[in-house]
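Chemist: For reference, the structure I am asking about is given below.
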Amino acid sequence: MTPARDMMPAELAALLHFYAEAGVDWLVEDEAVDRVAEFAEQRARGPRASAPAAPGGQGAPAQATASERTRPSAERAAPRPAPLAQAPAIPDEHAVTEARFAAESARSLAELKTALEAFGGCNLKTSARSTIFANGDPASGIMVVGPMPSGDDDREGAAFSGRAGLLLDRMLAAIGLSRDSVMMTTVMPWRPPGDRSPSQPEAAICRPFIERQIELAEPKAVLLLGNFTARFFFGETGTIHALRGQWRDIACGGHAVPAIATLHPQELLTAPASKALAWQDLQAFKARMDRP
């Protein structure tokens, strides 16, 4: 393995990008440690080697572990830094109440964005680079909502970036719309580590913010993209193939907004045969928006 100090800047950047895409959040060792060899050595020395030392240094093992032998002597002598005192916040009922209060207190989209960026009650924020918020033209009366930010979204700081975003641009262009002529956002404002699906508590903490976004934008219709988004708003557990293509009202604050679900562009990239279904949904969406 090539040491980091021998890598070119471009190689280091590529390696860090790989770690970020794999969901790595923290590097806990300065040098690699062979845990397998360390365990085998401890096992060979017997159970007494792993016993804690008695007061005054009695009972300390005579032989250093593999990680200690490979670590420079100056580093072994230096004390380890104390762990961070502040642990990541985990969503709970108290945090949900705070999120609801923060969202309902906002009287405009600008105020809501400020409140969301200042909110620290969700653990997802600790590992995400960006807070994704609605952008586009609120006067259009059209809102496109996706599930959670992708790695491209997190890096760019905007919803629907990367290849999936380019495909969505073409889908909207096919019905006479563009990214600048609609509002775009995601249910979850922060990317979950490793692109995992958000937990129920995480979804609960973010619900007040996305519902308030829709309420303040006052769209005439909402296009929901993907399994998670459709289930989140419709309150059902079916797949997107069962939930797509049906107009339903979703409650956002004191308003009921008509919404239709279709497949997410990322799903269409992996299953191009489903594009015909998405095209049917887009035509239904356009027909609704063209009504006088």
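Numbering of the sequence shown is given in UniProt numbering, commencing with residue 1 and proceeding in unit increments.
Glycine included, each C-beta is placed from N, C-alpha and C at the ideal position.
DSSP on VAL145, reduced to helix/strand/coil?
Modeler: It is a strand residue.
Chemist: Between ALA103 and ALA115, is the Cβ-Cβ spacing less than 8 Å?
Modeler: Yes.
Chemist: Could you name the residues that DSSP lists as bridge partners for ASN135?
Modeler: Answer is MET184, bridged to ASN135.
Chemist: Classify PRO208: buried if its beta carbon has 16 or more other beta carbons within 10 angstroms, exposed otherwise.
Modeler: It counts as buried.
Chemist: Go to PRO208, then tell me how far its alpha helix (DSSP H) extends in each direction, as first and last residue.
Modeler: Taken as a continuous stretch (DSSP letters only), the alpha helix (DSSP H) holding PRO208 covers 200-217.
Chemist: Bridge partners of THR237, per DSSP?
Modeler: DSSP lists no partner for THR237.
Chemist: Going by DSSP in three states, HIS94 sits in which element: helix, strand or coil?
Modeler: Of the three classes helix, strand and coil, the one that applies to HIS94 here is helix, per DSSP.
Chemist: For TRP190, count neighbouring C-beta atoms within 10 Å of its own C-beta (all shown protein chains included) and say buried if the count is 16 or more, exposed if not.
Modeler: So TRP190 counts as buried.
Chemist: Here's a check: name, in chain order, each residue in its chain whose Cβ is nearer than 8 Å to the Cβ of CYS122, leaving out the five neighbours to either side.
Modeler: The answer, listed in chain order, is ALA89, PRO91, ALA95, ALA99, TRP190, GLU202, ILE205 and CYS206.
Chemist: Taking just the CA atoms, how far does SER105 sit from ASN227?
Modeler: Answer to the nearest angstrom: the Cα atoms are 30 Å apart.
Chemist: Does the beta-carbon of LEU166 have 16 or more other beta-carbons within 10 angstroms, so that it is buried, or is it exposed?
Modeler: Classification of LEU166: exposed, given that the 10 Å Cβ count is below 16.
Chemist: Three-state secondary structure (DSSP) at ASP249?
Modeler: Reduced to three states, the DSSP call for ASP249 is strand.
Chemist: Using DSSP bridges, identify the partner residues of LEU223.
Modeler: Note: LEU223 sits in a beta bridge opposite VAL144 and ILE260.
Chemist: Report the CB separation of residue 311 from MET143 in whole angstroms; it is logged as a contact under 8 Å.
Modeler: Because the chain here runs from 1 to 292, residue 311 falls outside it and cannot be looked at.
Chemist: Residues in its own chain within less than 8 Å of LEU277 by CB, not counting five upstream and five downstream?
Modeler: HIS241, ARG244, GLY245, THR262 and LEU263.
Chemist: Ordered along the chain, which non-local residues of its own chain (more than five positions away) have a Cβ less than 7 Å from that of LYS113?
Modeler: Around LYS113: PHE133.
Chemist: Closest to THR126 by CA distance: which of PRO193, ALA284, GLN213 and VAL187 is it?
Modeler: Considering only alpha carbons, the answer is PRO193.
Chemist: Measure how close the beta-carbons of GLY253 and GLU218 come, nearest whole angstrom, since I'm counting them as under 8 Å.
Modeler: About 10 Å; that fails the 8 Å criterion.
Chemist: Looking only at its chain, what residues have a beta carbon closer than 8 Å to the beta carbon of ALA284, apart from the 5 residues adjacent to it on each side?
Modeler: Closer than 8 Å at Cβ, skipping near neighbours: GLY245, TRP247 and ILE260.
Chemist: Could you pull out every residue in the same chain whose Cβ sits closer than 7 Å to the Cβ of SER181, ignoring the five residues on either side in sequence?
Modeler: Within the same chain, SER181 has close Cβ partners ASP137 and SER140.
Chemist: How many Å lie between ALA256 and ARG288 at the Cα?
Modeler: Between ALA256 and ARG288, the C-alpha separation is close to 16 Å.
Chemist: Whose C-beta lies closer than 8 Å to the C-beta of THR185 among residues of the same chain, with five residues either side of it excluded?
Modeler: Hits under 8 Å: ILE132, PHE133, ALA134, ASN135, MET143, VAL144, VAL145, GLY146, ALA159, ILE210 and GLN213.
Chemist: Just the Cα atoms here: how many angstroms apart are ASP195 and ARG45?
Modeler: Spanning the two alpha carbons is a distance of roughly 42 Å.
Chemist: Measure the C-alpha to C-alpha separation of LEU177 and ALA37 and round it to an integer number of angstroms.
Modeler: If you take the alpha carbons of LEU177 and ALA37, they lie about 60 Å apart.
Chemist: By the DSSP assignment, the alpha helix (DSSP H) with ALA110 in it spans what residues?
Modeler: Per DSSP, ALA110 belongs to the alpha helix (DSSP H) from 109-118.
Chemist: Considering only the beta carbon of each residue, do MET171 and PRO272 sit closer than 8 Å?
Modeler: For MET171 and PRO272, no; Cβs fall outside 8 Å.
Chemist: Please say whether SER161 and ASP169 have beta carbons closer to each other than 8 Å?
Modeler: No, they are not a contact pair.
Chemist: Do you know offhand how far GLU41's Cα is from GLN200's?
Modeler: GLU41 and GLN200: Cα-Cα distance of roughly 43 Å.
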